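Chains as they are written, first to last, in this note's numbering: chain A, 73 to 433; chain B, 358 to 711. Each remark here refers to the structure printed beneath this line.
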Amino acid sequence: MRGRQQFSIRLLQYLDPQGKLDLPLPEWTSNTILLLAIYENMVLARLLDQKAIALQRTGQMGTYPSILGQEAISVCIGLAMAKHDVLVPYYRDTPAQIIRGISLAEIFMYWGGDERGGNLNTASRDLPTCVPIATQLTQAAGVAVALKIKGEDSVVVTTCGDGATSKGDFMEALNLAGVWDLPIVFVINNNRWAISVPLEQQTRAATLAQKAIAAGIEGIQVDGNDPIAVYDAIHQAIERARKDKQPTLIEALSYRLSDHTTADDASRYRDADELKAHWQEEPILRFQQFLHQQGLWNAGQEKALQQQCLQVVDTAVDEYLSVDAEPATAIIDYLHAFLPYTLEPQRVGLQGKEASALRGD
Amino acid sequence: MTSNLSANDTPKVDPLKPADSSTATREGMTKCVLVEAINLALHHEMARDPTVVILGEDVATNGGVFRATLDLKQAFGSERVLDTPLAEGLIAGLSVGMATQGLKPVAEIQFMGFMFAALEQIICHAARMRNRTRGRLTCPLVVRMPFGGGIHAPEHHSESTEALLAHIPGLRVVIPSSATRAYGLLLAAIRDPDPVIFLEPKRIYRAQTQHICDDGQALPLDTCFTLREGEDITLVSWGALISECTQVVDQLSAQGIAVELIDVATVSPIDMNTILQSVAKTGRCVIAHEAPKTGGIGGEIAAQLAEYALLDLEAPVLRVGGYDTVMPYAKKEALYLPSAADIKAAIERVLAFG
């Protein structure tokens, strides 16, 4: 008989908002290269984010969803995964995608309205950025089934926002991961806002992590702005998935410091004081303070890093802005492996339309 | 009438009854009804291609509620034949994920009436994965769904909504109308490198027995099948209604009228060349489908005839379809379904024109 279950949800946090230690550091933090990689990638992610918004504001890129304030989660996902693992991302995962080999220019291309930005040649098995909410979660479960059937020791990491936890797909994926012992890690970026709807209007549940209990899988909360806690939780969950073929749900508590996207104005629905308070908890300054305290970082390194990241971003912008246009027929040519003959006349028509536009007819 | 397939005469077989296990072989041929042909194709392809995986509700231990997946679990194991939790969106999402990683999922949605939760995955992801990754990832999956009326099933079990799917770029929508075409087309669907929706006309699941050679020979997709040749008029249809069409062709043949009968088979993309060539010969056309008449695939075919064959036409193109209403419950479904008489009347009207 399955009896009633008492439960509590653990919140993992090592660093307080001032970067001070709450708990003794986990063993892996002796790897200072990793600690610095976390920091450097967060800084790069923020500069990329600022540049993306600037490109949109100046009409050089389309609508873009900022990841401001959530950098720690995605960076730690990217660094904790093995190359052969599979990332099934939502649309605020650019830092993880970059760490996994996608170029910054491809990120700009995707949000700039060019399908080649979803090609992501360098991350050959990762799924592309997913815009429909929560649909990536059942796909991630499917990827995990495939890895299991093929006998690989790879695992899947998939992400979503807090709003996605209200969708059936979320529960369906979690439930299946439990029933089928799937090697998968679900990470909720709980940034407390789904466009204009705050978390309190998504659920009465005290935590999102406890939704794992209903699926019979492991669930944990982490301070999503504490990179040590995030990396620790994700690393452990990946190891569980790899070694024990057991899924984990991680609720990473963070805050969306930006608008939902560049098409949104959060001041319409969000209190300025609330936003201000959350700036005190953001991950980058917190981690910088921690590194300073550990004697791992100084002002000179900070200056050099900023310059280096700016250069990387600027180079990517140049690449993005100078990329050759795809031929018009590309909008048809990638639909099927083999073009049905029924589409031939439309393809020819498209070529004519393109030629006409080039001639300025 | 010799067939048991008219709309007013529900098939005598119980579609929920397991298949007759005495499938006698004759000269290397297997005696099959349509649903058994599907089962045969699945067995063949799973044996041939280790990446083929079956998933859906009740497909493994139970062999499917119509027994389409009978004995696959016994033959290929529970790792490749998966009973999923009861969630159509999940089934489709899993299939997308599996397909992107080199497997060939053949998913079953138990009835087309329950596909709607799966549509987000099929439309927003399966149909466009190749395009949106510029060919890096592909989605070679098959979603099988029994569809159509005529078996006195409960509400939501009898609709024909193929036009909804046919409207989505990137999807192939395939509908067999006989056991042999079910076998050959399903093999082709599984081997296709892109997503295929395979709609099974459950009214004729057990209507007619054919001898099938289980040789793994696929039939072409995107191709109409000309079932009867004739010079007087072209009759275009697909799925279960091909049975009524065949009766009508026979009846009219006895009266000296030669009807060319075309089974569209792949309703998206439609092989219009075959239809246009036929109409160039006959000058007259009737399109018959079970789905509601307005906005159906018949309208698309008629529009293309107007676009490309206007000067060949000697009479208006007529459509015979279901009524533009909610599929009635069992007691009135025969009223809803186009009958042989409806099709015959439409043909006679077109022939009388001019």
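Each residue gets a CB set at the ideal place from its N, CA and C atoms; glycine is no exception. Here the structure is a predicted model, which is why all the values come from computation and not from measurement.
query                                                                                                                                                               : result
Quick check: is the beta carbon of E445 (chain B) nearer than 7 Å to any beta carbon in chain A?                                                                    : no
Which residues bound the alpha helix (DSSP H) around N262 (chain A)?                                                                                                : Premise fails: N262 (chain A) lies in the beta strand (DSSP E), I256 to N262, not in any alpha helix (DSSP H).
Please classify I105 (chain A): is it buried, with 16 or more other beta-carbons within 10 angstroms of its beta-carbon, or exposed?                                : exposed
If you count every other CB in all the chains shown that lies within 10 Å of the CB of L119 (chain A), and 16 or more means buried, which is it?                    : buried
If you drop the 5 nearest sequence neighbours on each side, which residues of the same chain put their C-beta closer than 7 Å to that of Q352 (chain A)?            : P89
Excluding five sequence neighbours on each side, which residues of the same chain lie with their C-beta closer than 6 Å to the C-beta of S330 (chain A)?            : S138 and L140
Any beta carbon from chain A within less than 7 Å of C481 (chain B)'s own beta carbon?                                                                              : yes
In angstroms, rounded to a whole number, what distance separates the CA positions of T306 (chain B) and A484 (chain B)?                                             : For chain B, the structure presents residues 358 to 711; residue 306 (chain B) sits outside this window and is missing.
Please report the distance separating the alpha-carbon of R491 (chain B) from that of P503 (chain B).                                                               : 32 Å
Pick helix, strand or coil for D620 (chain B), following the three-state DSSP scheme.                                                                               : strand
Can you tell me the Cα-Cα spacing of L415 (chain A) and G470 (chain B), whole angstroms?                                                                            : 30 Å
Would you mind working out which of B:I532, B:I569, B:R548 and B:S452 sits nearest F555 (chain B), comparing C-alpha positions?                                     : B:I532
If you draw a straight line from the alpha carbon of L598 (chain B) to that of E557 (chain B), how long is it in whole angstroms?                                   : 12 Å
Any C-beta of chain B within less than 7 Å: which residues of the stretch 350-375 of chain A qualify?                                                               : none
Once you ignore the five residues that flank L280 (chain A) on each side, which residues in its own chain have a CB closer than 7 Å to its CB?                      : D234, T237, I260, N262 and E323
Measuring CB to CB, does A622 (chain B) end up less than 7 Å from E588 (chain B)?                                                                                   : no
Less than 7 Å separating the beta-carbons of A213 (chain A) and A154 (chain A)?                                                                                     : no
Tell me which residue opens and which closes the beta strand (DSSP E) that V90 (chain A) is part of.                                                                : Correcting the residue identity first, residue 90 (chain A) is Gln in this sequence and not Val. Note, Q90 (chain A): premise wrong, no beta strand (DSSP E); not H, not E.
Looking at the unbroken beta strand (DSSP E) that takes in V605 (chain B), where does it start and where does it end?                                               : Careful: V605 (chain B) lies outside any beta strand (DSSP E), inside the alpha helix (DSSP H) at L598 to A611.
With 16 as the cutoff for other CB atoms within 10 Å, does G434 (chain B) come out buried or exposed?                                                               : exposed
At 3 residues or longer, what runs of the beta strand (DSSP E) sit wholly inside the stretch 643-697 of chain B?                                                    : 675-679
Helix, strand or coil, according to DSSP, for D172 (chain A) in the structure here?                                                                                 : The sequence given here has Arg at residue 172 (chain A), not Asp. Looking at R172 (chain A) - three-state DSSP - the assignment turns out to be coil, as it is neither helix nor strand.
Spell out the partners DSSP gives P503 (chain B) in its beta bridges.                                                                                               : B:E557
For V416 (chain B), which of helix, strand or coil comes out of DSSP?                                                                                               : coil
So which residues on chain A does E472 (chain B) lean against when the C-beta distance must stay under 7 Å?                                                         : Position check: residue 472 (chain B) holds Met in this sequence, whereas Glu was assumed. Residues of chain A passing the Cβ test: none, with the nearest at roughly 15 Å.
To the nearest angstrom, report how far apart L382 (chain A) and L93 (chain A) are at their CA atoms.                                                               : 31 Å
Just the C-alpha distance for E705 (chain B) and Y540 (chain B), rounded to the nearest angstrom, thanks.                                                           : 34 Å
I want to see whether chain A comes within less than 7 Å of E477 (chain B), judged by CB atoms only; does it?                                                       : yes
State the DSSP-derived secondary structure class of P167 (chain A), mapped to helix, strand or coil.                                                                : helix
Apart from the five residues just before and just after E391 (chain A), which ones in its own chain have a Cβ nearer than 6 Å to its Cβ?                            : A177
For the beta strand (DSSP E) containing L528 (chain B), name the first residue and the last one.                                                                    : Counting along the chain, L528 (chain B) falls outside any beta strand (DSSP E), and DSSP gives it neither H nor E.
Would you mind listing the beta strand (DSSP E) stretches within the stretch 217-249 of chain A that are 3+ residues and don't spill past its ends, in chain order? : 228-233
Taking its Cβ as the centre, do 16 or more other Cβ atoms sit within 10 Å of Y413 (chain A), making it buried, or is it exposed?                                    : exposed
Under the three-state reduction of DSSP, which class applies to S625 (chain B): helix, strand or coil?                                                              : strand
Ignore the nearest five residues each way along the sequence and tell me which others in V553 (chain B)'s own chain have a CB closer than 7 Å to its CB.            : V499, R529, V531 and A546
With H, G and I counted as helix, E and B as strand and the rest as coil, what does DSSP make of S535 (chain B)?                                                    : coil
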